[in-house]
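Take a look at the structure set out below.
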Amino acid sequence: EVQLVESGGGLVQPGGSLRLSCAASGFTFSTYAMSWVRQAPGKGLECVSTISASGDSTYYTDSVKGRFTISRDSSKNTLYLQMKSLRADDTAIYYCAKDGSPAAANPISWFDPWGQGTLVTVSS
Amino acid sequence: QSVLTQPPSVSAAPGQKVTISCSASSSNIGNYYVSWYQQLPGTAPKLLIYDYSKRPSGIPDRFSGSKSGTSATLGITGLQTGDEADYYCGTWDSRQSTYVFGTGTKVTVL
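Protein chains in written order, with the numbering used here: chain A, -9 to 114; chain B, 2 to 111.
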């Protein structure tokens, strides 16, 4: 069974840093692109960042460029999101999601499955 | 910021049918596959439809997807109370170089 388990969320002050982790199991981690998708309270879904299967290519939504860094460690089957200079509008549930198609022509084909999410709250 | 437009809400009685539209531009739906996700209250999203019309294992055939030009549509027939959820379309957007989601549609069973 494919499983994605996020951790690392919590309360952080504006301007602070946090690192999220996503432990993957049940599939060949190095074969699939991965993403972080967030959902602010009462809002819709936003793909924050994507990393290719090899880790060579990364993509970010404009609002987090220069502040967030996505990375992966295939030896640990783990996806990371390093977040710096956090702002109140970064407050959200952060989901880890796996690309549905291995080595696809597009960076992401679809997301399946999703983790249960980890809550990040940026507040003083 | 979403470039995929969905109606905010749709509703119907149990057993009836609803359709949810997802309208976009040529930089995404026109060139990339569309997927649909169901988010039940308090839970993580779940894949419903991929490649416009394919259903993952375990998804009942009451759920269907289609595409026409730069729009995609999700259909739900035989509506059940358990279908009450938020539904999102999604696809890769080459202009923004990111995966984009629709604005989301809340389905209510009357």
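C-beta: ideal position from N, C-alpha, C; glycine also. These numbers were taken from a predicted model, which means no experiment stands behind them.
Ordered along the chain, which non-local residues of its own chain (more than five positions away) have a Cβ less than 6 angstroms from that of residue i?
| i | result |
| --- | --- |
| alanine 13 (chain B) | Val19 and Leu80 |
| cysteine 23 (chain B) | Leu5, Gln7, Ala73, Cys90 and Gly103 |
| threonine 59 (chain A) | Gln72 |
| threonine 81 (chain A) | Thr111 and Val112 |
Cβ closer than 9 angstroms: which chain A residues qualify as neighbours of residue i?
| i | result |
| --- | --- |
| phenylalanine 102 (chain B) | Val27, Gly34, Leu35, Glu36 and Cys37 |
| tyrosine 88 (chain B) | Neighbours of tyrosine 88 (chain B) on chain A: none; closest Cβ ~11 angstroms, over 9 angstroms. |
Please list, in chain order, all residues of the same chain as residue i whose beta carbon is under 7 angstroms from its beta carbon, the five residues on each side excluded.
| i | result |
| --- | --- |
| leucine 35 (chain A) | Val27 and Gln29 |
| arginine 77 (chain A) | Pro4 and Val112 |
| leucine 48 (chain B) | Ser36, Tyr38 and Pro57 |
Roughly how many angstroms lie between the CA atoms of residue i and residue j, to the nearest whole one?
| i | j | result |
| --- | --- | --- |
| threonine 44 (chain B) | glutamine 106 (chain A) | 7 angstroms |
| arginine 57 (chain A) | serine 75 (chain A) | 6 angstroms |
| glycine 6 (chain A) | isoleucine 83 (chain A) | 17 angstroms |
| arginine 96 (chain B) | proline 97 (chain A) | 13 angstroms |
| phenylalanine 19 (chain A) | asparagine 67 (chain A) | 6 angstroms |
| threonine 40 (chain A) | alanine 23 (chain A) | 7 angstroms |
| proline 15 (chain B) | lysine 107 (chain B) | 15 angstroms |
| leucine 41 (chain B) | glutamate 85 (chain B) | 7 angstroms |
| arginine 56 (chain B) | serine 61 (chain A) | 30 angstroms |
| tryptophan 37 (chain B) | serine 67 (chain B) | 11 angstroms |
| threonine 111 (chain B) | phenylalanine 64 (chain B) | This sequence places leucine at residue 111 (chain B); threonine is not what is there. Computed Cα separation, rounded: 19 angstroms. |
| tyrosine 100 (chain B) | glutamine 17 (chain B) | 32 angstroms |
| serine 15 (chain A) | aspartate 63 (chain A) | 13 angstroms |
| glycine 59 (chain B) | tyrosine 34 (chain B) | 21 angstroms |
| proline 92 (chain A) | glycine 70 (chain B) | 27 angstroms |
| valine 2 (chain A) | aspartate 79 (chain A) | 12 angstroms |
Compare the C-beta of residue i against all C-beta atoms of chain B and say whether one is closer than 9 angstroms.
| i | result |
| --- | --- |
| aspartate 52 (chain A) | yes |
| tyrosine 49 (chain A) | yes |
| glycine 56 (chain A) | no |
| valine 90 (chain A) | Here residue 90 (chain A) is glycine; the residue named in the question, valine, does not match the sequence. Chain B contact via Cβ: present. |
| asparagine 67 (chain A) | no |
Counting only C-beta atoms, is residue i closer than 9 angstroms to chain A at any point?
| i | result |
| --- | --- |
| serine 65 (chain B) | no |
| serine 12 (chain B) | no |
| leucine 48 (chain B) | yes |
| proline 57 (chain B) | yes |
What does residue i touch in chain B if you count any residue whose Cβ is under 9 angstroms from its own?
| i | result |
| --- | --- |
| threonine 81 (chain A) | By Cβ distance, chain B contributes nothing, its closest Cβ being about 16 angstroms from threonine 81 (chain A), past 9 angstroms. |
| proline 31 (chain A) | Ordered by position in chain B, no residue passes the 9 angstroms Cβ test against proline 31 (chain A), which lies about 12 angstroms from the chain. |
| isoleucine 60 (chain A) | Under the 9 angstroms cutoff, chain B gives no residues; its nearest Cβ is about 12 angstroms from isoleucine 60 (chain A). |
| serine 99 (chain A) | Tyr33, Tyr34, Ser36, Tyr51, Asp52 and Trp93 |
Would you give the residue range spanned by the beta strand (DSSP E) that residue i belongs to?
| i | result |
| --- | --- |
| leucine 1 (chain A) | 0 to 2 |
| threonine 51 (chain A) | Element bounds for threonine 51 (chain A): n/a, residue is neither H nor E. |
| isoleucine 83 (chain A) | 82 to 89 |
| threonine 104 (chain B) | Here threonine 104 (chain B) belongs to no beta strand (DSSP E), and DSSP marks it neither H nor E. |
| glutamate 36 (chain A) | 35 to 41 |
| threonine 68 (chain A) | 68 to 73 |
| tyrosine 38 (chain B) | 36 to 40 |
| threonine 59 (chain A) | 58 to 63 |
| tyrosine 88 (chain B) | 86 to 94 |
| lysine 47 (chain B) | 47 to 50 |
| threonine 111 (chain A) | 108 to 112 |
| serine 67 (chain B) | 64 to 69 |
| alanine 13 (chain A) | 8 to 15 |
| leucine -6 (chain A) | -7 to -3 |
Name the chain B residues that come within less than 8 angstroms of residue i, Cβ to Cβ?
| i | result |
| --- | --- |
| threonine 40 (chain A) | Thr99 and Tyr100 |
Going along chain A in order, which residues have a C-beta closer than 7 angstroms to the C-beta of residue i?
| i | result |
| --- | --- |
| lysine 105 (chain B) | The residue you asked about is not lysine; residue 105 (chain B) is glycine in the sequence shown. Those within 7 angstroms of glycine 105 (chain B) in chain A are Gly34. |
| alanine 45 (chain B) | Tyr85, Trp104, Gly105, Gln106 and Gly107 |
Residues in the same chain with beta-carbon distance under 8 angstroms from residue i, minus the five sequence neighbours each way, listed in chain order, please.
| i | result |
| --- | --- |
| arginine 9 (chain A) | Gly(-2), Tyr70, Leu71, Gln72 and Met73 |
Return yes when at least one heavy atom of the ligand ADP lies under 8 angstroms from the C-beta of residue i, else no.
| i | result |
| --- | --- |
| threonine 40 (chain A) | Ligands in the displayed structure: none, and consequently the ligand ADP is not present. |
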